[in-house]
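Remember, our numbering sits 298 above the position in the sequence shown when you count from 1.
Working notes for the structure below.
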Amino acid sequence: MDKTVMTFQKNSQEEVQAGIQEFKGRHYASVRVYVENDAGEHIPTKKGITVPVELLPELARAVRLLADEAVKQGLVAQERFEGRRE
């Protein structure tokens with residue numbers, strides 16, 4: 299069962315998709331860049347990260363630490379991280 303949980307536009311030609319995927323009976327968490335092909339379908343690129351779901355807590359912690367550091371350096375406003383979950 300593949301499930302995309304969030305998509306956001308990276309730029310005018312690329313979007314980022316985050317989701318859970320199954321491959322050969324194992325589950326993975328994936329954050330990957332997609333581009334639109336000539337048929338209008340979004341296809342994955344090599345840009346991104348895929349880890350076994352067992353490592354998802356470590357990935358989440360890394361992203362939280364990156365967010366904290368970006369706020370600390372004034373690169374991103376704290377309010378951008380405060381919002382409802384979708």
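Even glycine gets a Cβ: it sits at the ideal position worked out from N, Cα and C.
Please read these numbers as outputs of a predicted model, since none were measured by experiment.
For residue i, does the three-state DSSP call read helix, strand or coil?
i    : result
V331 : strand
V314 : strand
E384 : Since pLDDT at E384 reaches only 49, below the 50 mark, its modelled position is unreliable, and no value is offered.
V349 : strand
K322 : coil
Assuming residue i contacts residue j (C-beta within less than 8 Å), just tell me the rounded distance between them.
i    : j    : result
Q315 : T302 : 5 Å
Y326 : T348 : 5 Å
V361 : I318 : The pair is not a contact, with the Cβ atoms about 16 Å apart (cut-off 8 Å).
Quick check on the DSSP output: the beta strand (DSSP E) that includes residue i runs from which residue to which?
i    : result
K301 : 301-307
Can you give the Cα-Cα distance for residue i and residue j, rounded to whole angstroms?
i    : j    : result
G323 : G372 : 43 Å
H340 : M299 : 18 Å
F379 : A358 : 14 Å
K345 : E377 : 28 Å
Output the boundary residues of the alpha helix (DSSP H) element that contains residue i.
i    : result
D366 : 354-370
Three CB pairs or more closer than 8 Å across the region 359-370 and the region 332-348: no
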